[in-house]
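Protein chains in written order, with this note's numbering: chain A, 1 to 205; chain B, 206 to 410; chain C, 411 to 628; chain D, 629 to 846; chain E, 847 to 1088. Have a look at the structure below, then the notes.
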Amino acid sequence: MQVKLDNLAVARGGVTVLRGLDLVLHTGQALILRGPNGSGKTTLLRTLAGLQPAAAGSFDLAPDAVAYAAHADGLKPTLTVAENLRFWASIHGTPDIDPALDALDLATLQHRPAGQLSAGQKRRLGLARLLVTGRPVWLLDEPTVSLDAASVALFAGVVRRHLAGGGIAVIATHVDLGLPEAEVLDLAPYRARISVSNGFDEAFA
Amino acid sequence: MQVKLDNLAVARGGVTVLRGLDLVLHTGQALILRGPNGSGKTTLLRTLAGLQPAAAGSFDLAPDAVAYAAHADGLKPTLTVAENLRFWASIHGTPDIDPALDALDLATLQHRPAGQLSAGQKRRLGLARLLVTGRPVWLLDEPTVSLDAASVALFAGVVRRHLAGGGIAVIATHVDLGLPEAEVLDLAPYRARISVSNGFDEAFA
Amino acid sequence: MKALLFRDLRLAMRAGGGFGLGLAFFFLLSVLVPLGVGPEGSTLGRIAPGILWVGALLACLLSLDRIFALDFEDGSLEFLATAPIPLEAVVAVKAFAHWLVTGLPLTLIAPGLAVFLNLPPAGYLWLVLSLALGTPALSVIGTFGAALVVGLRRGGLLLSLLVLPLYVPTLILGAEAVRRGAEGMAPATPLALVAAISLGAVALLPFAAAAALRVNLR
Amino acid sequence: MKALLFRDLRLAMRAGGGFGLGLAFFFLLSVLVPLGVGPEGSTLGRIAPGILWVGALLACLLSLDRIFALDFEDGSLEFLATAPIPLEAVVAVKAFAHWLVTGLPLTLIAPGLAVFLNLPPAGYLWLVLSLALGTPALSVIGTFGAALVVGLRRGGLLLSLLVLPLYVPTLILGAEAVRRGAEGMAPATPLALVAAISLGAVALLPFAAAAALRVNLR
Amino acid sequence: MSIWEYANPKRFMQTSARALPWAVGLTVACLTVGLVWGFFFTPEDFKQGSTVKIIYIHVPAAMMAINAWIMMLVTSLIWIVRRHHVSVLAAKAAAPVGLTFTIIALVTGALWGQPMWGTWWAWDPRLTAFLILTLFYFGYLALWSAIEDPDTAADLTSILCLVGSVFALLSRYAVNLWSQGLHQGASLSLDKEENVSDVYWQPLVICIVGFVLLFVTMVLLRTRTEIRARRLKALLARERVA
Ligand code: HEM
Ligand SMILES: Nc1ncnc2c1ncn2[C@@H]1O[C@H](COP(=O)(O)OP(=O)(O)OP(=O)(O)O)[C@@H](O)[C@H]1O
Ligand SMILES: Nc1ncnc2c1ncn2[C@@H]1O[C@H](COP(=O)(O)OP(=O)(O)OP(=O)(O)O)[C@@H](O)[C@H]1O
Ligand SMILES: [Mg+2]
Ligand SMILES: [Mg+2]
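The following block contains the structure:
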């Protein structure tokens, strides 16, 4: 299992925001993306998840190896915690949701409708979805937003176990996750400069 | 100007989550609310903002002194940054939005539609709204979510100037804001214990 | 308040806003009904007043859930509720903006669509007049309904269920006025009643709607 | 896939879900039209097939924007797009769930509402038959339309505008079948055509809808 | 002691528990006497034949359908003004009962209409107004079931009930202007000469009393259920937190 970026460029709203990304990630490795607001972390993750095409270059990552966690958690407020999770589990063919519930300390909340959770509890449920996908490559966009210190530690443990089990994680974040072993990639050098060289037709990229 | 809580209890979904809050905040003071996920920070802030009634006790805070910033930013994606801000400015009778734009470093983004901002840029715009309300008491629910380090510092400066100008701020957060002078209130001791004493009719509170 | 009105109008005009879509729906209904009912002119002429009014009503109805739902979802409504203008005024302004975006254009375009439906010529004046007097009631009643369901995820169709019975008197009287006008009878009584309903609704319902909003924000 | 179907059905049944509301709308239209058009039985009987079909169509239409919009807003749709089931299957399942929640109950309740509209007794059988054959087309075409507008904030009325023209053939043929049946003529030809449209739509449109979805998620 | 004491849920549970057996007994007695008398011991009408006997269900049901809404209006007002929970729960409890009566009146009317007017349904003002009432019941119930928080639901449905009543009244007048009636007028008024003849009249009155009692019993029962449901919900919520 590996993730390989080859001179990748990503674009948002018709404007290229990052370019020249070259990178290889191996089994068990975590990569933390850093960069100021608007530098293109979300755009990069969405591209890797296969949700939008690369603007240039290429990457080597099968779409069905990826579990993507966006800002939004994809929860149905009228379904209970267990129902929400069970749905994703059966979509991905995972038989059992209990390990995921336990890993994120949701067992006591499992019969509550998701709409009645607090911000941090919702987030934990959103992260639990990753576990039931059973997929090796996690793409996480600011996963610890709204989490308290204890939950951040819990989450770091979950990521570590995932890596130990042969997984890969790419994490965009502004805060410290408690994963000192992870590699950090600062996106600043890859920021796309505006070039007018290739003429008007870049409007039709 | 002062904010006074008198044996306040707050409830969410019919369940009391915090009780016995006694507290006085004076001009120039900031209070940071801490507590694990689901401990009732959001509930307390909503109550103080006058959006929901107190479950018991009382507090002394005129609704028209309060500017509340929730998880959601109240932005219209099709309006530009300046249009969004100008709307709130004129609702609150503030003539000029430029100081707010400058304070949160939004001047260069002001003609972009809000829907095309990144998560952190949106958040900055949401915080800029506080400045145009011209109100003395700020109630902030996790204001620095998605902000990069530079923006967090920027925001700390904004809060500090607000306090220096005679304001008050109550801030719920899980991360460090860079406001060492602020008082910290841990909500754990106020967590409501379940009392069965008053019989069944508490269902009809 | 003027700021709120202008913002709502501006939002309606922007991409994805509601302007023109109510109109489009009205237009489509006036075209679909002949397709469904068949092309006979005399039948169409007879049902034209009713169909046009039902169309106007549905067009209003369908644009109702935008009135508050968007503001609720993105949090603006909470901020508006804590802003220094009374919630009653917010409601009234929003109802007025809805009318400007929906009711007014409907009224202006109705004679054009009446052609498709073979409305007798004597009815045109009364059609416009009854819509002009009746659509404000539709907007205000609708705003009230929207305030009732604002907390609920996609209250859209529940909204219809709640609002449609409230629309019944306006519909009956409005269509009756047009029908009488088209048949050469005196349409004054139903017309006056429609105006009375509009006035009453405009005067009283914003208070009920603001109360409902406050409850929903709780 | 079964999980997705059951989830959608369960969501529809929960508070604020769509079940019953399409039905309610159908009911309301059948009641409002006589209120607008006037109480004469013979006129009503003549327009009944058309009105009932237009009503079924609108009831479907109004529940369309739930199909994808909710999943899009809360991010589920992105997760579904990266899940191990083909997007075509997701679309097909969602269309099927929509039909179960809207088209099927509409078909079952239609004869009851036909009473209000004075449909001649000979038309009842054909009404049910034409709806049973035609509503699947409405659901699938609507799902395609919903996939087209899913990225837009409140695409609701734009959706109507896009989908209604696509509904026209089904509407004309379906209503014609009922009208012929009610008047004692042979309704076989239009009925067969309705069935053909349904089959074609079910077979082909999920692919178009999935393509549209992919573009919208980009 | 003021009457508002009974709006205390605990108090209400005690009192209603004592009243219920009596209410049930009286209801059964009245309905049995009225219906048996009406169905088996009255002559057949020369014009309508035996279908006239539908009157013993149709008329009381129709009356109670309207009265139930009026009761809901009053109790909703009490909730808005004095915020007594039992009051609004009684309104909630009455709605399905009222709706059932409305449907019974509609169905019996339709059954009657087929032989009398040759059609199941006609757009007569009274019938139409009744149909609109049905819509209001449905809307009211739908709003209750759509809202999770009980106090929010109580407030909103009460506001709806108030506004809805005004519009229901308006509809009644509008409908009169719009259509001529087929349906008979009030036949039980005291000041008119042409009441239904005595043979029909006496059992009808008993039936009406029976339906009133039936309504009271049902509302008591359902209000008790609602109170219990509410307590159960509070208990469950508390367990969740614990
Ligand atoms: C679906 C159709 C019908 C509906 C919704 C309906 C509804 C009503 C209503 C609302 C009342 C009034 C009760 C009151 O004022 O307190 C009533 C009374 C009555 N209905 Fe009907 N009705 C229907 C059909 C019929 C038919 C077909 C007949 C017989 C030909 C009939 C005969 C009566 C009579 C005799 C009364 C008693 C009048 C009175 O004492 O006020 N109804 N019905
Ligand atoms: N829908 C959009 N249309 C056009 N431009 C967009 C859109 N969304 C984001 N952008 C722009 O694209 C750039 C990259 O945005 P992106 O969301 O990837 O940043 P980010 O690194 O995730 O920032 P943050 O830390 O604030 O989340 C930003 O300049 C942003 O303004
Ligand atoms: N809509 C709701 N209905 C019922 N209960 C709710 C609702 N929203 C939150 N709760 C519950 O109320 C309690 C307090 O929630 P609150 O949102 O105030 O917590 P918080 O301190 O803001 O947490 P976080 O740090 O995760 O944002 C939690 O136990 C939560 O599960
Ligand atoms: Mg981002
Ligand atoms: Mg919170």
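Ideal Cβ placement from N, Cα and C applies to all residues, glycine included. These numbers come from a predicted model, not from an experiment.
Reference residue i, options the options, closest by Cα
i	options	result
D970(E)	H1029(E), H930(E) and W883(E)	H1029(E)
L523(C)	A585(C), A466(C) and R420(C)	A466(C)
L692(D)	L792(D), T798(D) and L799(D)	L792(D)
E586(C)	G485(C), V559(C) and L541(C)	L541(C)
T735(D)	N746(D), L753(D) and L786(D)	L753(D)
R842(D)	A676(D), V777(D), Y795(D) and P748(D)	V777(D)
P815(D)	G751(D), P764(D) and L794(D)	G751(D)
H71(A)	L21(A), T78(A), S58(A) and L125(A)	L125(A)
I949(E)	F886(E), L1078(E), L981(E) and D997(E)	L981(E)
L5(A)	T42(A), L177(A) and D60(A)	D60(A)
G219(B)	A260(B), L250(B), V229(B) and G243(B)	A260(B)
Y986(E)	L952(E), R1084(E) and A937(E)	A937(E)
D996(E)	N854(E), V932(E) and I900(E)	The amino acid at residue 996(E) is misidentified as Asp; the sequence shows Pro. It is V932(E).
A939(E)	I1073(E), L1078(E), L1023(E) and E1085(E)	I1073(E)
L101(A)	G115(A), A119(A), Q116(A) and T80(A)	T80(A)
V870(E)	L1059(E), L1081(E) and R1077(E)	L1059(E)
L872(E)	F1061(E), A1083(E), L923(E) and K1079(E)	F1061(E)
A556(C)	A520(C), L472(C), T453(C) and L543(C)	L472(C)
A621(C)	V500(C), T545(C) and L527(C)	V500(C)
E142(A)	T43(A), G166(A) and A62(A)	T43(A)
For residue i, the three-state DSSP class (helix, strand or coil)
i	result
T196(B)	Residue numbering for chain B in the displayed model covers 206 to 410; residue 196(B) lies beyond these limits and cannot be assessed.
A56(A)	strand
H162(A)	helix
R239(B)	strand
D995(E)	coil
A67(A)	strand
I171(A)	strand
A387(B)	coil
P855(E)	helix
Q207(B)	strand
P95(A)	coil
T285(B)	strand
W138(A)	strand
H1029(E)	coil
V145(A)	coil
D381(B)	coil
- Message: Quick check on the contact list: which residues have their beta carbon closer than 7 Å to a heavy atom of ligand 5?
- Response: Any residue whose Cβ sits closer than 7 Å to a heavy atom of ligand 5 makes the list: S118(A), A119(A), G120(A), S146(A), K246(B), T247(B), H276(B), D346(B), E347(B) and A377(B).
- Item | Sufficient close CB pairs (3 or more, under 8 Å) joining the stretch 27 to 34 of chain A to the stretch 66 to 77 of chain A | no
- Message: Using a Cβ distance threshold of 8 Å, determine whether the stretch 107 to 125 of chain A contacts the stretch 80 to 87 of chain A, with at least three qualifying pairs required.
- Response: Contact between the stretch 107 to 125 of chain A and the stretch 80 to 87 of chain A is present: three or more C-beta pairs spanning the two stretches fall below 8 Å.
- Taking Cβ-Cβ distances below 9 Å as the criterion, which residues of the stretch 698 to 717 of chain D are in contact with chain A? L698, D699, E701, D702, G703, S704, L705, E706, F707, L708, A709, T710, A711, P712 and I713
- Message: Could you check whether the stretch 446 to 455 of chain C touches the stretch 235 to 255 of chain B, counting it as contact only if at least three pairs of C-beta atoms, one from each stretch, sit closer than 8 Å?
- Response: no
- Positions along the stretch 316 to 330 of chain B whose CB lies within less than 7 Å of some CB in chain A: Answer in chain order: Q321, S323, A324, G325 and Q326.
- Item | Three or more C-beta pairs below 8 Å linking the stretch 876 to 889 of chain E and the stretch 1046 to 1065 of chain E | yes
- Below 8 Å, can you find three or more Cβ-Cβ pairs linking the stretch 545 to 554 of chain C to the stretch 611 to 621 of chain C? yes
- Task: Report yes or no: do three or more beta-carbon pairs, one from the stretch 954 to 971 of chain E and one from the stretch 1002 to 1013 of chain E, lie closer than 8 Å?
- Result: no
- Query: Along the stretch 254 to 285 of chain B, what residues have a CB closer than 9 Å to any CB found in chain C?
  - Reply: From the stretch 254 to 285 of chain B, only A254, G255, L256, Q257, P258, P268, D269, V271, A272, Y273, A274, A275, H276, A277, D278, G279, L280, K281, P282, T283 and L284 have a Cβ closer than 9 Å to chain C.
- Message: Could you check whether the stretch 672 to 689 of chain D touches the stretch 588 to 603 of chain C, counting it as contact only if at least three pairs of C-beta atoms, one from each stretch, sit closer than 8 Å?
- Response: no
- Just by C-beta distance, which residues in the stretch 1044 to 1063 of chain E are closer than 8 Å to chain C? Cβ contacts with chain C: none found.
- Would you call the stretch 8 to 21 of chain A and the stretch 172 to 191 of chain A touching, i.e. three or more CB-CB distances under 8 Å? yes
- contact_flag[the stretch 92 to 102 of chain A, the stretch 719 to 738 of chain D] where n(CB pairs < 8 Å) is 3 or more: no
- Cβ-based contacts, 8 Å cut-off: residues of the stretch 734 to 758 of chain D near chain E: V743, F744 and N746
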